[in-house]
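So in my numbering, the last spot in the sequence shown is 1181, and the numbers never skip. Note that beta-carbon positions come from the ideal geometry of N, C-alpha and C, so glycine has one too. Here the structure comes first, spelled out in structure tokens, and everything after it is commentary.
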Amino acid sequence: LNECLFASRRQRYLELLEAKRTQEAITFLQVHITPLNMDTGVLHALTSLVVFMNPEDLHRHARWEGPTPAERGRVLEELRQHIPPSILLPQNRLEVLVHQGLQHQVDQCFRYNTSEPWVDLLVDCASDSHSVPDSTLHLLDLHQDEVWYVQFSNSGEQLATASKDKTVIVWDLTRDRPSVRHTLRGHTDSVSFVSWSPDDSLLLSCGNDYIIKQWSMETGSMMREYRGHTEAVTAISWMPDGLQFVSGGYGKKIFLWNVLAIEAVTTWHGERVCDMALSKDGTRMVTISPDKKIKMFDMPDKVEVACAMETESVTSLCLSDDGRHVLVNISSETKPEVHLWDLSDMVLTQRFKGHRQARYVIRSCFGGARNSFVICGSEDSLVYVWHRATGALVSKLSGHAGTINAVAWTGARGGMLASVSDDNTVRIWGSGGAPQQRRGVRAFLG
């Protein structure tokens, strides 16, 4: 105990000398430090410091930096060495508690949808009803058959939609009203997946004709075809360098491709792939298969590091931006759910319920300014929005007239949600009660 008292009182004594409150410092030394019975040499050394009126001389002879946060921090560290951990507050504990309290407020606010942190401890976190998408901003109806997939570009300035009509439409979102930038034709069967390159200069498309096509977003022309799959290609994912990508499908093979070559760089043999995604940094790949398995691999060598088993059929996945969590859609006549898995521990952390999925591939995604929502299509023609932290249903968006196959979110332009459906349409949703604008876009085809 005396060592702790000496460390703190020595700091106080030196600060009094620094402030030229010499008499007060001498009294403090006599009353508060001398009774601690420290070594006589230590007391003499402290007493001798009284003669130094210049702060620089005081600092040099006391081997002390002055009344700085760093010096006080060293005193605190010295105190920690003498106090049992069981009774010592961890470093920055108050700051941690405040942060946890604020985060708890946000986690309990179902509609909190802003990148700004909540910083008010005096009132509970609150947000208005228009903080999440609640109305159709644009209705796009140029596809001639069911629309199966949708993905925003990385910049959020473009939207690609893939259809059973064998086409991909790329929409320009930079103006008030979406316009068609490119209509990509060339597939001989339904297109079920697209993927933007990291710089948005290229788009890959694939589907039921077993072929992957590369498209230039500058011209809209097809640049290359990649052949090797012997059954439907279900997913494509880019490596972060934009020079390679991975594809998977029902043919029990996963391919690693170079964008400049037509032959695969590497072929991995295994099981059928229902869906697949690479993390943003390219170090992790997650796959799902018809045998209800979720597998995680270290890349680029595809070394399996973890595996989890679902109890029902899995149809699609969505990997979080940080690569730590994955959403998995569970198809079931009685208990369709979207499951949130923590990939670090390979544990199921949340279930999202209420939608319908028994017959078709339905896709979900993360959404919101903080990825605080989970969004999913449904066979009952509704878009479901849940609160990620609690699993509570936030809203159901109506408007489509058929199964909603896929949804996508972008943080651009204040946040936009897109959905595609068997009713042949694409809807872009926004918040704030904005009026619906039906866009056949025929006036903007140029």
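Would residue 889 and residue 935 qualify as a contact pair, given that the criterion is a beta-carbon distance under 8 Å?
Translated into positions along the sequence shown, residue 889 becomes position 154. Translated into positions along the sequence shown, residue 935 becomes position 200. Going by C-beta atoms, residue 889 is nearer than 8 Å to residue 935.
Can residue 1212 and residue 1140 be called in contact, C-beta distance under 8 Å?
Because the chain in this structure spans residues 736 to 1181, residue 1212 falls outside the shown range and cannot be described.
Just the C-alpha distance for residue 954 and residue 932, rounded to the nearest angstrom, thanks.
For the purposes of this step, residue 954 is identified with residue 219 of the sequence shown, where counting begins at 1. For the purposes of this step, residue 932 is identified with residue 197 of the sequence shown, where counting begins at 1. Note on geometry: alpha-carbon atoms of residue 954 and residue 932 lie some 15 Å from one another.
Among residues of its own chain, excluding the 5 on either side of residue 990, which ones have a beta-carbon nearer than 6 Å to its beta-carbon?
Taking the first residue of the sequence shown as 1, we reach residue 990 at position 255. Result list for residue 990: 963, 982, 999, 1002, in chain order.
Within the same chain, show all residues whose beta-carbon is closer than 6 Å to that of residue 1081, passing over the 5 residues directly before and after it, in chain order.
For the purposes of this step, residue 1081 is taken as residue 346 along the sequence shown, with counting starting at 1. The beta carbon of residue 1081 sits closer than 6 Å to the beta carbons of 1041, 1043 from its chain, once the five residues preceding and following it are set aside; these are given in chain order.
Following a CB-centred definition, is residue 831 positioned closer than 7 Å to any heavy atom of the ligand GTP?
Within the structure as shown, the ligand GTP is missing, as the structure has no ligands at all.
In angstroms, rounded to a whole number, what distance separates the CA positions of residue 790 and residue 1079?
Mapped onto the sequence shown, residue 790 falls at position 55. Mapped onto the sequence shown, residue 1079 falls at position 344. If I take the Cα positions, the gap works out to 53 Å.
In terms of residue numbering, what span does the beta strand (DSSP E) encompassing residue 1141 cover?
Along the sequence shown, read from residue 1 onward, the residue named residue 1141 stands at position 406. Note, residue 1141: beta strand (DSSP E), 1139-1145.
Only counting runs of 3 or more residues, tell me where the beta strand (DSSP E) segments fall wholly within the segment 1023-1080, in order along the chain.
The segment 1023-1080 contains these whole beta strand (DSSP E) runs: 1028-1033, 1038-1044, 1048-1054, 1060-1066, 1072-1077.
Would residue 824 be called buried (16 or more neighbouring beta carbons within 10 Å of its own) or exposed?
Along the sequence shown, read from residue 1 onward, the residue named residue 824 stands at position 89. Residue 824 should be labelled exposed.
Tell me which same chain residues have a C-beta within less than 6 Å of the C-beta of residue 951, skipping the five on either side of it?
Within the sequence shown, residue 951 is the residue found at index 216, counting from 1. If you ignore the 5 residues before and after residue 951, its C-beta comes within less than 6 Å of the C-beta of 958, all in its own chain and listed in chain order.
Limits of the beta strand (DSSP E) - the one that residue 761 falls within
Residue 761 sits at position 26 when you count from the first residue of the sequence shown. According to the DSSP assignment, residue 761 belongs to no beta strand (DSSP E) but to the alpha helix (DSSP H) extending over 757-763.
Name the DSSP bridge partner or partners of residue 897?
The count along the sequence shown starts at 1 and reaches residue 897 at position 162. BP columns for residue 897 point to 884, 903.
For residue 770, count neighbouring C-beta atoms within 10 Å of its own C-beta (all shown protein chains included) and say buried if the count is 16 or more, exposed if not.
If you number the sequence shown from 1, residue 770 lands on position 35. Exposed: under 16 other Cβ atoms inside 10 Å.
Determine contact between the segment 1064-1080 and the segment 1088-1108, defined as no fewer than three beta-carbon pairs at a distance below 8 Å.
Inter-segment contact for the segment 1064-1080 and the segment 1088-1108 is present: three or more beta-carbon pairs are separated by less than 8 Å.
Once you ignore the five residues that flank residue 878 on each side, which residues in its own chain have a CB closer than 6 Å to its CB?
Here the question's residue 878 lines up with position 143 in the sequence shown. Cβ neighbours of residue 878 within its own chain (closer than 6 Å, five residues either side excluded): 898, 900, 1159.
Status (buried if at least 16 other CB within 10 Å, exposed otherwise) for residue 1122:
Here residue 1122 refers to the residue found at position 387 when the sequence shown is read from its first residue. Burial call: buried.
Taking the alpha-carbon positions, what's the residue 1038 to residue 867 distance?
Residue numbering aside, residue 1038 sits at position 303 when the sequence shown is read from its first letter. Residue numbering aside, residue 867 sits at position 132 when the sequence shown is read from its first letter. Rounded to whole angstroms, the separation of the alpha carbons of residue 867 and residue 1038 is 40 Å.
Assuming residue 871 and residue 1134 make a contact with CB atoms under 8 Å, what is their CB distance in whole Å?
The residue given as residue 871 occupies position 136 in the sequence shown. The residue given as residue 1134 occupies position 399 in the sequence shown. For a cut-off of 8 Å, the C-beta gap from residue 871 to residue 1134 is around 5 Å, short enough to register as a contact.
Looking only at C-alpha atoms, which of 1115, 1116, 1130 sits nearest to residue 1109?
Translated into positions along the sequence shown, residue 1109 becomes position 374. Comparing alpha carbon positions, the residue from 1115, 1116, 1130 closest to residue 1109 is 1130.
If you follow the alpha helix (DSSP H) that residue 741 is part of, which residue opens it and which one closes it?
The residue given as residue 741 occupies position 6 in the sequence shown. For residue 741, the enclosing alpha helix (DSSP H) starts and ends at 737-753.
Spatial distance of residue 782 from residue 829 (CA atoms)
Walking along the sequence shown from the start, residue 782 turns up at place 47. Walking along the sequence shown from the start, residue 829 turns up at place 94. Note on geometry: alpha-carbon atoms of residue 782 and residue 829 lie some 37 Å from one another.
Nearest CA to the CA of residue 792: which residue from 1149, 774, 755?
Within the sequence shown, numbered from 1, the residue matching residue 792 stands at position 57. Measuring from the Cα of residue 792, the nearest candidate turns out to be 755.
Assigned exposure category for residue 1168 - 16 Cβ within 10 Å defines buried:
Here residue 1168 refers to the residue found at position 433 of the sequence shown. At residue 1168 the pLDDT is 47, less than 50, meaning the model places this residue with poor confidence; the figure from the coordinates comes in the next sentence. Only exposed fits residue 1168, as fewer than 16 other CB atoms lie within 10 angstroms of its CB.
Quick test of the definition: if touching needs 3 or more C-beta pairs under 8 Å, does the segment 1011-1021 touch the segment 1097-1106?
No: the two stretches stay apart, fewer than three of their Cβ pairs being nearer than 8 Å.
For residue 929 and residue 941, the rounded distance between their alpha carbons:
Residue 941 sits at position 206 when you count from the first residue of the sequence shown. Residue 929 sits at position 194 when you count from the first residue of the sequence shown. If you take the alpha carbons of residue 941 and residue 929, they lie about 7 Å apart.
I need the straight-line Cα distance from residue 1128 to residue 1111, nearest angstrom please.
Taking the sequence shown and counting its residues from 1, one reaches residue 1128 at position 393. Taking the sequence shown and counting its residues from 1, one reaches residue 1111 at position 376. In a straight line, the C-alpha of residue 1128 is about 11 Å away from that of residue 1111.
Distance between residue 1136 and residue 939 (C-alpha atoms, nearest Å):
If you number the sequence shown from 1, residue 939 lands on position 204. If you number the sequence shown from 1, residue 1136 lands on position 401. So the alpha carbons of these two residues sit roughly 29 Å apart.
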